[in-house]
Every structure is written in C-alpha cells, then in structure tokens.
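Heads up: the sequence shown is residues -29 to -1, 1 to 459, going by mature numbering (1 follows the signal peptide of the UniProt record, and there is no 0). All C-beta atoms, glycine included, are put in the ideal place defined by N, C-alpha and C. The structure appears below as structure tokens.
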Amino acid sequence: MTSPAVPRLPPRRLIAALLMLTAVRLVFAAVAGSTDDEAYYRLWSTTLQAGYYDHAPMVAWVIRAGRVIAGDGTLGMRLFAPSSTLVGSLLLWRTVALAEGPTIATRAVLWFNATILIGAGSVLITPDTPSVFFWGVTLWALAELAASREPGWWLVVGAAAGLGLASKYSVLFLGLGMLVWLAGVRSERRWFGSWQLWAGGALALALFAPVIAWNAAHEWMSFAKQFGRTVPHGLRPEKLFEFLGVQMLLIGLPMVPFVGLGSRRAYRAWRAGEALRALPLATSLPFLAYLLFHSLHGGIEGNWPAPLYAAGAWMAAAAVGELGPAQLRLRKLAAAVAPIGFGLGALLYVHASLPILVLSPERDPTAQMRGWDAFAAAVDARARAVGAAWIAVPTYATVGQFALRLGPERVLQLGERARWTYLPPPDPALVAQPALYVARVRRDPIDAYRDRFRSVENLGTIDRVAGGRVVDTYALWRLADPIGAPLR
C-alpha cells in the first residue's frame, strides 16, 4: 500500500519539539500523584478482563502494559498517555500533510498539542487516552485510503476502529461518521463495492467481539451503564451553553475562531467532492451532533469530545492557510494560538504539582492528586489503633486511592458491588470484623449505612494534607457488629 509522495515523517525540528514535549510529559507522569479515576483504572489492570462495570477494557490493558515496562508507579500507570500522544501526533502530521501539505500539517500538530484538553490528557490515563489514539489512527488510515485509492487500507481502518471500540463505546460514532463520508462524497461511494471494506468491518467486529461476549455474560453491564446516558431526561438548554463554554476553554480561546472557519472550509470542500479535505468534518458530525443533543438534557464531561480534537486542529490549521494579507488581526491571533496554549498547559502542570492557588476539590480537579501517600498511611495507622481490620468507604474513587497504597484486600466499598465483580469476593471473616469508615465530610453518607451495623461510633475527622495545606477533610467512623451482609 502506497500513498502520494508526501514525507512519512514531519520535519526534524517538529520531531525534536515533540520529543522534548514528550520528555516533559513523562517527567510529570512520573512525579504527579494519581487522580481518583486513574487509581480506579489501575485496580482494573490487576485483573484483566474483556469488560468492566462502567467502561470498555482497553484502559486496563494499556495500564498493565505500562506497569510491565516501567514499573508499578505512576510512570508505568501513565506510560501509554504521553507515548500514544507522540505517535498520534506523528500520524496526525501525515494525515494532514496528505490533504493540505507539510506546512499546515505542522501547524495542526502544534495546535493539537497546545489545547488544554490534550495537554492534560497526554499525561493522565483514562479510557479517553486509547480512544483518542485509535480514533486518530482510523482517521490516518482513511486519509491514506483516500489519497492512494488502495483498498487494502480498509483492513487498517477496521483494526483501528475495533481497538477504538474496545477503548470507549463512543467510537461507534466514528463508524457512523465513516458512513457519512462514504455516502456524502461521490468519489468514495465506490468503496461499498469493495470486499476490503466489508472485511475491515468484520475485523472491527472480531476485535470488539470479546467485549460483547463479556457484556452478554454480565447482564450487559457496561453497555447499560454507558448507553443509558443516551436516554433524554428532561430539557435543560442551559447545559448546551455550559458545554460550549467549557469546550472553548479546553480548546483555547485563540483557536476557537479558526475551528469555525476551518469547518466552513471543510464543508465547501465536501460540497466540491474533495474527499480528503471533507474527511475531518464528515467523520466528526455524528459524534458532535450527539454531544449537542445530549447537552440539551444532561451534563457533558469536558473530556468527552476529546476524539474530535485532532480533526478540529486539522480544520483550524487549514483555515489559517487561506487568510489574506489584509486579515492582519486573524493572522496575529493565529500566531498566538500555540504560545498561549503551551503556556497555559505549563501552568497547569506546575499547579498540579505545586498548587498555585488553594481551592476546594470541587473547584480544583488537581486537588485529588495530592497528599494521598501520607493520608493513606495515617488512616491505616488509625485503623490499627482502633482495632479495625478493614477500611470501608462510600465511593469507588476512594477505593482506588487507598487500594493503590494499602492493597485491595482491606479496602472495600459499602455499595455498588457490581463494580468489583472482577476481584475475588471479600473474605466473610474479614468483613465480620470492625471496620474504619472514611468519607469526605462534605459528602458523608453515613446515615445510609447505619442499619448495616449495630455499632456506629464517631471518631472525629482527619485531614488530607499536602505541602502543609489542608486539601480535604474526612469523617472517621468505627463500624462493628454487622447486621447481615454489610456490602450491598
């Protein structure tokens, strides 16, 4: 399979810049504390399966691979994040270069990496990490297909899409986007008669089949969890404006106008039958439409649109290439996109490591990354002092943080037991002994558990501290003499 004479790799200066950026991200990944979700997914990686309660399994598999390569610390846990962003950036350059040329491709890669969301996502490991990567690989393979007209690329498309589905179910929308592109661009409709397209689809299904089988054996658990979000629950139009505002900040305000201009340019190319230049818009439309629809009746997490950022950077960078000499303000704004984006990203890294401002955990997502080692040790010491054999917590996030430091056997969530089917069942003899219950004071649901224990004793509070500052305060209770099965 060959494609037109466009260089396979970016210019050396861009490669050097990406390597330097990756080195910075690897250092941050090694030294920064884990987020609640990262600790939770790391626990998944201790028992590999084809599915879990709330997500597809790929994040567990890439964490496990990182731990094998780089050890069982935060670097090993996060190794795939900066590494896949580096590889994905190289593939994005090739993708855009096929359609727009090397100069625009270089700008697209820089702008992609300068967005706040990708800057943060490149050092943290979540299901979005492999999802963004395999979405980008699929986009690259489609670009090679459109440029070379060689049908063998459909097998690469199918493999990447199947692995993407095993990363996050939202990659289904990429499949719909491919159909929009195929049906909407006259020159691409011929592929429906190609056996390679159908073989690629079969390959994607085969790679996703273990996830389907796991769900079938577990009452369709993660499918129900994720696809249940698509059901509308009342109209809340204010959420649409919240979604758009958050995305403008995560993209970076200087880049936003160019995303709009680039989308209009891609639409014109689509109408003109330019398959390559229509690709980023056509493949993004179904997922974007879903996000806009969902935002009308429910909240959208800021990270959900992450797979669309590569296409957005492509279109935005291409728009700059059409600016005339008279459009001086836009040209100046374009020159500011990367410096401002990387500058804000650097501030975010610094703040996550050494907080610039002290904010509550509700207002500062990085607060969850600090103070856990000493806090877990203090809780463990307190548990032993009061004769508690295990740690009881109300949330899965706290289980992950404690289990990372104290081991999963002694740390148990009192509810949502469906989350933990992949782990060995708790030892009944352990659960029959007293427990130390730990919950954030701001969200302490102790009253919901009083009917599960005959003895519920208030032990006061304990602080999670980092750098001499209180990050959060937790209530402590000694639970003893369980009534029936306390874990439900």
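Proximity of the region 344 to 356 to the region 311 to 331 falls short of the contact definition, fewer than three beta-carbon pairs being nearer than 8 Å.
A direct Cα-Cα distance of roughly 11 Å separates Thr366 from Val382. Uninterrupted beta strand (DSSP E) stretches at least 3 residues long and entirely within the region 431 to 456 occur at 440 to 453, given in chain order.
Between the region 176 to 188 and the region 235 to 244, the count of C-beta pairs closer than 8 Å stays below three; the two stretches do not touch. Approximately 18 Å separates the beta-carbon atoms of Trp275 and Pro251; this is outside 8 Å, ruling out the contact.
Counting the other Cβ atoms within 10 Å of the Cβ of Trp166 gives fewer than 16, which makes it exposed. As the crow flies, the alpha-carbon of Tyr261 is around 46 Å from that of Arg449.
Between Thr392 and His189 a beta carbon distance of about 7 Å is seen, short of the 8 Å cut, so the two are scored as contacting. Counting C-beta atoms within 10 angstroms of its own C-beta, Ser426 has fewer than 16 neighbours from the protein chains shown and is therefore classed as exposed.
If the five residues before and after Leu330 are omitted, its C-beta is found closer than 8 Å to the C-beta atoms of Ala338, all from its own chain and listed in chain order.
Across the structure, Trp82 and Lys139 are spaced so that their CA atoms are roughly 24 Å apart.
Excluding residues up to 5 positions away in sequence, Leu153 and Ala154 lie with their Cβ nearer than 8 Å to the Cβ of Arg160 in the same chain.
The beta carbon of Leu294 sits closer than 6 Å to those of Leu301 and Arg302, all from its chain and outside the five residues before and after it, given in chain order.
Around the Cβ of Met48, a 10 Å sphere holds 16 or more other Cβ atoms; the residue is buried. The beta-carbon distance between Pro457 and Arg423, rounded to whole angstroms, is 4 Å. This is short enough to meet the 8 Å contact definition. Look at Gln167 here: in three-state DSSP terms it is helix.
By the criterion of at least three beta-carbon pairs nearer than 8 Å, the region 27 to 46 is in contact with the region 92 to 109. The three-state secondary structure of Arg355, taken from DSSP, is helix. Taking every protein chain shown into account, the CB of Glu71 has 16 or more other CB atoms within 10 angstroms, so this residue is buried. Here the alpha carbons of Phe214 and His268 stand approximately 11 Å from one another. For Ile87, the enclosing alpha helix (DSSP H) starts and ends at Ile87 to Gly92. Taking the C-beta atoms as reference points, Ala117 is found no nearer than 8 Å to Leu178. Going by C-alpha positions, Ser141 is about 8 Å away from Phe258. Rounded to whole angstroms, Thr45 and Ala289 show a C-alpha spacing of 37 Å.
Annotation for Ala317: no beta strand (DSSP E) segment contains it, though the alpha helix (DSSP H) segment containing it runs Leu299 to Ser324. In the DSSP assignment, Tyr408 falls within the unbroken beta strand (DSSP E) covering Ala406 to Arg411.
Secondary structure of Ile34 (DSSP, three-state): helix. Scanning Gly223, Gly22, Asn429 and Leu174 for the CA closest to the CA of Gly314 turns up Gly223. A direct Cα-to-Cα measurement between Val441 and Gly342 gives close to 9 Å. About 6 Å separates the CB atoms of Leu375 and Arg13; that is less than 8 Å, so the two are in contact. Here Pro(-20) is not near Leu62, since their CB atoms are 8 Å or more apart. Looking at the DSSP output, Glu428 sits in a beta bridge with Arg449. The residue from Trp191, Ile40 and Ala281 with its alpha-carbon nearest to that of Gly233 is Ala281.
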